[in-house]
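Input: a single structure, listed below in structure tokens.
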Amino acid sequence: MKNFEHAAEVLTVLMEERDLTAAELSRQTEVNAGTIRNLMTGRQTNISTRNLMTLARYFGMSMEEFIRKIQ
1 MKNFEHAAEV
11 LTVLMEERDL
21 TAAELSRQTE
31 VNAGTIRNLM
41 TGRQTNISTR
51 NLMTLARYFG
61 MSMEEFIRKI
71 Q
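Here's what the structure looks like:
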């Protein structure tokens, strides 16, 4: 659970740095807004490889860098 809490914090910080809402990030990445909100709140503790790769690319990281950052 702790790793997922950290992942939620990292995602929130990345979004705040860019002044993004879940809805705006969803529009820009096509990752479902509900999925983003659930990841941010810890309600969802898994993420598809596709969504992980999409978010990593959006934030200018490789998937491996993004995984290291959120772990």
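In terms of the numbering used here, the sequence shown opens at residue 1 and continues consecutively.
Built from N, CA and C at the ideal position, the CB exists for glycine as well.
This structure is a prediction, so every number in the text was calculated from the model and none was measured.
Which word fits residue i, buried or exposed, when buried means at least 16 other C-beta atoms lie within 10 angstroms of its C-beta?
i: VAL13; result: exposed
i: ALA8; result: buried
i: ILE70; result: buried
Pull up the CB-CB distance for residue i and residue j, whole angstroms please, since I reckon it's below 8 Å.
i: VAL31; j: ASN46; result: 14 Å between Cβ atoms; not a contact.
i: ARG37; j: ALA22; result: 5 Å
i: LEU11; j: MET40; result: 6 Å
Please classify residue i: does DSSP put it in a helix, a strand, or coil?
i: GLU30; result: coil
i: ARG37; result: helix
i: GLN66; result: The question names Gln, yet the displayed sequence has Phe at residue 66. It is helical.
i: LYS20; result: For the sequence presented, residue 20 should be read as Leu rather than Lys. LEU20 falls in the coil class under three-state DSSP.
i: ARG57; result: helix
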